[in-house]
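Take a look at the structure below.
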Amino acid sequence: MLYFANWKILLICGICLLGVLLSIPNLLPQNQLALLPRIVPHKQVSLGLDLRGGSYLLLKVDIEAAQRERLNTIIDSVRNTLRDAHIGYTGLNVEGDAIAFTIRDTDRIDDAKQALAKADPDLVVDIAPDGAGT
């Protein structure tokens with residue numbers, strides 16, 4: 017069984033009581049705080065803007081940067097898909113809001129369309145008979 021000396025118990029209880037008494041001014045409004053004796057501290061903890069409910073976060077998305085990043089991701093996907101299918105291409109780059117490329121072998125245009133459609137069904141692929149694609 018644990019045994020604590022009475023003076024230690026009283027000291028701990030006294031410190032806790034003192035802490036509660038010193039924190040009371042934070043719970044009182046200013047008009048009641050003015051009525052307290054001078055021995056009681058009158059300073060209150062000032063709450064930050066977030067604790068007073070006056071803070072909000074406004075996020076702004078850079079649409080152009082997100083679109084450029086998405087197009088760069090699609091370029092990587094198109095490059096990997098055409099390489100895996102062993103389909104030669106040139107000029108793979110971003111032109112405006114689209115990706116442009118040219119299939120070297122015009123006989124493999126249908127293979128390129130199928131490979132790209134399989135890799136990303138949401139992709140709209142348009143390849144002209146001369147091999148120019150977007």
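For our numbering, count along the sequence shown from 1 and bump the result up by 16.
For each residue, glycine too, the CB sits at the ideal point set by N, CA and C.
Which class does residue i belong to by DSSP, given the choice of helix, strand or coil?
{"i": "residue 97", "result": "helix"}
{"i": "residue 91", "result": "helix"}
{"i": "residue 79", "result": "helix"}
{"i": "residue 108", "result": "strand"}
{"i": "residue 40", "result": "helix"}
{"i": "residue 103", "result": "coil"}
Among the residues of its own chain, which have a CB less than 8 Å from the CB of residue i, if the five just before and after it don't count?
{"i": "residue 109", "result": "91, 115, 116 and 117"}
{"i": "residue 31", "result": "none"}
Is the beta carbon of residue j closer than 7 Å to that of residue i?
{"i": "residue 143", "j": "residue 125", "result": "yes"}
What does the Cβ neighbour count give for residue i, buried or exposed, with the cut at 16 atoms within 10 Å?
{"i": "residue 94", "result": "buried"}
{"i": "residue 128", "result": "buried"}
{"i": "residue 98", "result": "buried"}
{"i": "residue 132", "result": "buried"}
{"i": "residue 147", "result": "buried"}
Within a Cβ cutoff of 7 Å, which residues of the same chain sit near residue i, ignoring the five residues on either side of it in sequence?
{"i": "residue 56", "result": "41"}
{"i": "residue 136", "result": "93"}
{"i": "residue 87", "result": "110 and 115"}
Here's a check: name, in chain order, each residue in its chain whose Cβ is nearer than 6 Å to the Cβ of residue i, leaving out the five neighbours to either side.
{"i": "residue 150", "result": "114, 116 and 142"}
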